[in-house]
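Peer 1: The working numbering runs 589 ahead of the 1-based position in the sequence shown.
The beta-carbon is built from N, C-alpha and C at its ideal position, and this holds for glycine as well.
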Amino acid sequence: MVGLVVLLLGGRWLSVNLADLMWASSLGVGDAHLDQLRLRFALLAWAFSTAALWCIGNLYLVFRTIGSVHVPRRLGNIEILEAIPRQYIAYAFGVLGLLLAFAMTHDAGTWWTVRALAAQAETIGVPDPILGRDVGYYLFTLPWNRTLHGFAVMLAIVMLGIVSILYFAVGAIDIAARRIQISETARRHIGGLLVAVALVLFWGYRLEPAEYVAGLRGVPYDTILTDVRIPTSTLLSALAILAGACSAFWMVFGRMAIVGFGWVALATFSVTGHHLAPAVANGARNREERRLELSVPGRSFVREAFGLIGRDTIIGASGGATRQRNTAIDGGPVWDPFAINVFLNQVVGDDPVMRVLDVSVAQYPTADSNRVPVAIGVRDVDLVAVRQRDSVVTWQEAHTGRYSMAADVWVVRADEVSASGGPLFIPDITTPGLTIEQPFALTLRAGPIRFSSAASEYAVFDDDEPSAVTAVRVGGVFRRLALAWKLQSLRFLRFSRIDSDAYVAWTRSVGERLEAYAPFLTFGHAYPVLDDGRLVWLAPGYVLAEGFPFSVPTRARGRTVRFFRAGFVGVVDAHTGTTNVYSLSSADHLSNAWSKLAPELIQPSDLIPSTLLPHIRYPRELFDAQLRVLASLNTNNFSRGAFRPSLTPASQSTFWWTGDSPADTTNRLRLRAALERGDPPALSAVVDGVAQGARLRLDVFNMRPPLQVPGPSQVAARVATELSSRAVVPGNVKTIPTNRGIVSIQAIYSAGTVDGEHPKLLDVFAGFDGGALGLGR
590 MVGLVVLLLG GRWLSVNLAD LMWASSLGVG DAHLDQLRLR FALLAWAFST
640 AALWCIGNLY LVFRTIGSVH VPRRLGNIEI LEAIPRQYIA YAFGVLGLLL
690 AFAMTHDAGT WWTVRALAAQ AETIGVPDPI LGRDVGYYLF TLPWNRTLHG
740 FAVMLAIVML GIVSILYFAV GAIDIAARRI QISETARRHI GGLLVAVALV
790 LFWGYRLEPA EYVAGLRGVP YDTILTDVRI PTSTLLSALA ILAGACSAFW
840 MVFGRMAIVG FGWVALATFS VTGHHLAPAV ANGARNREER RLELSVPGRS
890 FVREAFGLIG RDTIIGASGG ATRQRNTAID GGPVWDPFAI NVFLNQVVGD
940 DPVMRVLDVS VAQYPTADSN RVPVAIGVRD VDLVAVRQRD SVVTWQEAHT
990 GRYSMAADVW VVRADEVSAS GGPLFIPDIT TPGLTIEQPF ALTLRAGPIR
1040 FSSAASEYAV FDDDEPSAVT AVRVGGVFRR LALAWKLQSL RFLRFSRIDS
1090 DAYVAWTRSV GERLEAYAPF LTFGHAYPVL DDGRLVWLAP GYVLAEGFPF
1140 SVPTRARGRT VRFFRAGFVG VVDAHTGTTN VYSLSSADHL SNAWSKLAPE
1190 LIQPSDLIPS TLLPHIRYPR ELFDAQLRVL ASLNTNNFSR GAFRPSLTPA
1240 SQSTFWWTGD SPADTTNRLR LRAALERGDP PALSAVVDGV AQGARLRLDV
1290 FNMRPPLQVP GPSQVAARVA TELSSRAVVP GNVKTIPTNR GIVSIQAIYS
1340 AGTVDGEHPK LLDVFAGFDG GALGLGR
């Protein structure tokens, strides 16, 4: 039975990794993925062998103390005791040791990213102002040290518990007359394990100061950290050595009071130093006494951690309305993406399961080189709708037929409205200035859309298509077995169902494909780009770290991080699946380290195709994280300001805009949001994220004086009050900073309550520095 389990687990591991290598080879990066596999296997083998030797060795010491084991057995009416052969007990202990080792190291292969970064450790040249350690230590070395320490703690603590239980079970540890009685062999063994526990605790206490500075313990950066917590860690490391020495003394001489003294002292000082002393110090010191004077300003670490690289600009309120049109809002998008999404799903196509799942705002040049905003929607398979409509979806439909790929692409002018209030369609993206009112799907000369943001199932292609798509040939028995195990489909084992010359493509979802291609990165939401009759998907690539000195915590990708940068852009061809990852010019130290570690997977920014370079946009998830960070700081003069949690991002205030800004006169695609302060919420700052080619930049436009211009929440509330008697749907408030003041724009759409009525853009509200200009067409 054990052999069968090992065979199944090993066979699955081998098959899945073989299939993954075939997939990587189809993309031309098989050697790089093989190097990753070797590193993962080496770490797994090292961790498992270390844990196995440790567990089996300790269990063997317990086994030596066992004389004989008898089990009761009934023969007729007579109960007899039958001795178990010692070799069976030895086999059982050996299996137990291997199972424990597997349970503690089954995920050791995932350590490869922190191990690779530790090997690539770089000196950044910026020391933290408390410990004087280079910032690179917190990004490259500390994560690996914490991984090794966690592994050592698990080995020591788990084995101490298992061994103690076994000794108690065999009678080597007993409680008699309210006293613990322990045999000499068990005492020496447990004493040695206590020494091991003391050593790993010593290691942990030595790591504590760096964990405090990195923010991994969640404690404030104040004088209590420098005067109480860090000295306490030094004291506890000394007490851990004392506890280990007491354990060694007990192991040799058998004085229970000695070992009790060492461990009680360590536990007492640990509770006092970690909880009581900081609480008392916090209550005894006022805010000014807790303030920590730093040689290097903490805000510089926050800027580095979240890429707050840009310009601080002060915008003053004009003090009145103006009817003069400002060039900063000329040609900006008036349509909200959600409204176009609803319109397209109600108007285009006749298949209810083929839906436009997302609409993306972009910018394309006209014949006179003027860049105009457009909205792009890809009509893809909605598998939820498929399964709701059809109780049974055939294998052919899901993997070779109509549900295996996206349908078409629709492009709409985002800054124009037809006479009837509907959007205007662009039949040819090379001439976005020419529009028509009738819905029109764009013609793609490159062929069907096989790779998209919603493609979740694998697809099988005939043998006449391999040159048109990056896929894996089905082939013979061994390849079929690997594919069947990887894709969880027995159909690959049947030659009559799938021909050997057929090709199969999986991981066709853009985000999953990029993360499988470069598994050390995290990729954001993919957006479509049209390039000479082809559809290409672009997605920002992120690097994250849980610890970074003097940073602030924020949530990203379901985890709390203190370092979040976008140093890459991933590119996937929607027709062939060709995949590439490029570094950006504004890359950080962590991103640069991965570029050096994986040059076969990451290409430099100067190799980004010139046709795609203008379509790199500011990453939305990074922008949202930066908003949360800015909201926890003093946004006014954020490049020089201090920590002051006072601002909140306005609800529904993030939007895409095309045009210039007071800090940049070039017409670009911009991601913007407003920050508010006070009650009622007034505008405090507008944040502008823009990609200048392969370089990211964040600008903050502050209001002077603050609390003078109504924020988006007030604008939306006022518009909702004026339109309360009409069945309409308001769009998002777009807050536009200009050289003359702040312009607020909000589109008003029909609710579509009448049967057969499609959403229309009815009116546009425009306000200037809080004074309404009007509501109308």
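In the DSSP output, what is GLY872 paired with across the bridge?
Peer 2: Paired residue(s): none; GLY872 is not in a bridge.
Peer 1: Extract the residue ranges of the beta strand (DSSP E) inside the region 1162-1221, only unbroken runs of 3 or more that lie entirely within it.
Peer 2: Complete beta strand (DSSP E) runs here, min 3: 1168-1172.
Peer 1: Taking 8 Å as the cut-off, decide whether the C-beta atoms of LEU1110 and TYR1131 are in contact.
Peer 2: Yes, the pair counts as a contact, with Cβ atoms nearer than the cut-off.
Peer 1: Fully enclosed by the region 680-715, which alpha helix (DSSP H) runs are 4 residues long or longer?
Peer 2: As far as the region 680-715 is concerned, its whole alpha helix (DSSP H) runs of at least 4 residues are 701-708.
Peer 1: Check whether the region 872-887 touches the region 1205-1212, taking contact to mean three or more Cβ pairs, one atom from each stretch, closer than 8 Å.
Peer 2: The region 872-887 is not in contact with the region 1205-1212.
Peer 1: Along the chain, where does the beta strand (DSSP E) that runs through THR730 open and close?
Peer 2: Where THR730 is concerned, there is no enclosing beta strand (DSSP E), given that its DSSP letter is neither H nor E.
Peer 1: Answer with buried or exposed for PHE1084, where buried requires no fewer than 16 other C-beta atoms within 10 angstroms of its C-beta.
Peer 2: Counting Cβ neighbours within 10 Å, PHE1084 comes out exposed, since fewer than 16 surround it.
Peer 1: What is the residue span of the beta strand (DSSP E) that ASP1088 lies within?
Peer 2: From DSSP, ASP1088 is part of no beta strand (DSSP E); its letter is neither H nor E.
Peer 1: Following a CB-centred definition, is TYR1092 positioned closer than 7 Å to any heavy atom of the ligand GDP?
Peer 2: No copy of the ligand GDP occurs in the structure displayed, which carries no ligand at all.
Peer 1: Following the continuous beta strand (DSSP E) through TYR953, name the residue where it begins and the one where it ends.
Peer 2: Unbroken beta strand (DSSP E) run through TYR953: 943-954.
Peer 1: Which complete beta strand (DSSP E) runs does the region 1261-1302 hold, if anything under 3 residues is left out?
Peer 2: Correct list: 1271-1281, 1284-1293.
Peer 1: What's the gap between the Cα of ASN930 and the Cα of VAL860?
Peer 2: Those two C-alpha atoms are separated by around 57 Å.
Peer 1: For a quick check, are the C-beta atoms of THR812 and ARG722 less than 8 Å apart?
Peer 2: No. Outside cutoff.
Peer 1: Please classify LEU783: does DSSP put it in a helix, a strand, or coil?
Peer 2: DSSP places LEU783 in helix when its eight states are reduced to three.
Peer 1: Tell me where the beta strand (DSSP E) around PRO1319 begins and ends.
Peer 2: PRO1319 -> beta strand (DSSP E) spans 1317-1319.
Peer 1: Helix, strand or coil for SER615, going by three-state DSSP, please let me know.
Peer 2: It is helical.
Peer 1: Mind checking whether LEU788 and MET748 have CB atoms under 8 Å apart?
Peer 2: Their beta carbons are not under 8 Å apart, which means LEU788 does not touch MET748 by this criterion.
Peer 1: Looking only at its own chain, which residues have a Cβ that is under 7 Å from the Cβ of TYR801, when we skip the five neighbours before and after it?
Peer 2: Same-chain partners within the cutoff: VAL808, LEU814, ARG818, ILE819.
Peer 1: Near VAL618, which residues of its chain fall below 8 Å by C-beta distance, leaving aside the five closest residues on each side in sequence?
Peer 2: The residues are TYR1106, GLU1189, LEU1190.
Peer 1: Counting only beta-carbon atoms, is ASP1277 nearer than 8 Å to chain C?
Peer 2: Chain labels in this structure do not include chain C; a single protein chain is all it has.
Peer 1: Under a three-way DSSP split, which group does LEU1031 fall into?
Peer 2: If DSSP states are grouped into helix, strand and coil, LEU1031 belongs with the strands.
Peer 1: Can the beta-carbon of ILE779 be found closer than 8 Å to that of SER753?
Peer 2: Yes.
Peer 1: Just to confirm the assignment, what range does the beta strand (DSSP E) spanning LYS1349 have?
Peer 2: Looking at the DSSP string, LYS1349 is not in any beta strand (DSSP E), and its letter there is neither H nor E.
Peer 1: Classify SER1250 as helix, strand or coil using the three-state DSSP reduction.
Peer 2: Residue state, collapsed to three classes: strand.
Peer 1: On the CB-based measure, 16 or more other CB atoms within 10 Å of its CB, does ARG1366 come out buried or exposed?
Peer 2: Answer is exposed; the Cβ neighbour count stays below 16.
Peer 1: If you draw a straight line from the alpha carbon of ASN1321 to that of ASN1291, how long is it in whole angstroms?
Peer 2: Using only the alpha carbons, I get a separation of about 21 Å.
Peer 1: Between which residues of its own chain and VAL948 is the CB-CB distance below 6 Å, once the five residues before and five after are set aside?
Peer 2: Once the five neighbours on either side are set aside, the close Cβ partners of VAL948 are PRO926, ILE929, ASN930, ALA964, GLY966.
Peer 1: Who are the near neighbours of SER1250 in its chain, counting only those whose CB is closer than 6 Å to its CB and skipping five residues on each side?
Peer 2: Answer for SER1250: ASP1277, listed in chain order.
Peer 1: Determine the direct distance from the alpha carbon of GLN709 to that of GLU893, and round the result to whole angstroms.
Peer 2: Their Cα atoms are separated by approximately 19 Å.
Peer 1: Excluding five sequence neighbours on each side, which residues of the same chain lie with their C-beta closer than 6 Å to the C-beta of ALA785?
Peer 2: Excluding residues within five positions, the ones whose Cβ falls inside 6 Å are ALA745.
Peer 1: Please check the pair PRO1142 and ARG1151, which I expect to be a contact at CB under 8 Å, by giving their CB distance rounded to whole angstroms.
Peer 2: Sure, about 6 Å apart at Cβ, within 8 Å.
Peer 1: Should THR1183 be labelled buried (16 or more other beta-carbon atoms within 10 Å of its own) or exposed?
Peer 2: The amino acid at residue 1183 is misidentified as Thr; the sequence shows Trp. Buried, by the Cβ-count rule.
Peer 1: Does the distance from the C-beta atom of ASP969 to that of SER1041 stay below 8 Å?
Peer 2: Cβ atoms of ASP969 and SER1041: closer than 8 Å.
Peer 1: At which residues does the beta strand (DSSP E) containing PHE1050 begin and terminate?
Peer 2: Element bounds for PHE1050: 1048-1050.
Peer 1: Per DSSP, ASP901 forms a beta bridge with which residues?
Peer 2: Partner(s): VAL1289.
Peer 1: Mind checking who ALA775 pairs with in its DSSP beta bridge?
Peer 2: Note: ALA775 sits in no beta bridge, so no partner.
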